[in-house]
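What follows is one structure encoded as structure tokens, with my remarks underneath.
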Amino acid sequence: MKLSKSLYYSVLVVLIVFAIQSKAKSQTVDTSKFILQNDIDVAKEEPGTHKGGGKTIGYNFFANAKNLKTVFRKRTLKAGSAIGYHLQKEDEIYYVISGKGKMKMNGETFAVKPGDAILTRPG
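Numbering (numbering that gives the first Met the number 0), first residue to last: 0 to 122.
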């Protein structure tokens, strides 16, 4: 019984080491195939977009990436600022990280809070 237990643990250790090595190989990244940016690299103070007013900080990630078909932006709204009501030309997702506010879509105003994700469609 003792021999089979130690054999079991030896096999288990070998399998774990193999799994770790395999995972390490699969996580090797070709750094020419990604761009890493931090908030501080792209932060820019701006007025509320679409004539919303107030002060905001805009983060336009990967703005200079070639052939990128996706837009990724983040915006911090300071107290009293807003994104103005505007026509959507493409899908846009708003995600509330902190604070609370009100959002108006298609004439309907509703409260938003941390954890809320709002998909807005064109039109």
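Every residue gets a Cβ at the ideal spot worked out from N, C-alpha and C, and that includes glycine.
Residues near residue i by beta carbon distance below 7 angstroms, same chain, minus five either side
i, result
"Ile34", "Phe61 and Ala64"
"Gly79", "Gly53"
Local Cβ density within 10 Å of residue i, reported as buried at 16 or more and exposed below that
i, result
"Thr69", "exposed"
"Thr55", "buried"
"Ser31", "exposed"
"Ser97", "exposed"
Coarse secondary structure for residue i, derived from DSSP in three states
i, result
"Val41", "helix"
"Lys88", "coil"
"Lys112", "coil"
"Lys68", "coil"
"Lys103", "strand"
Inter-residue CB distance, residue i and residue j (contact presumed, cutoff 8 angstroms)
i, j, result
"Gly122", "Gly83", "At roughly 17 angstroms, the Cβ-Cβ gap does not stay under 8 angstroms, so Gly122 and Gly83 are not in contact."
"Tyr93", "Thr75", "Between Thr75 and Tyr93 the Cβ distance is about 13 angstroms, and since that is not below 8 angstroms, they are no contact."
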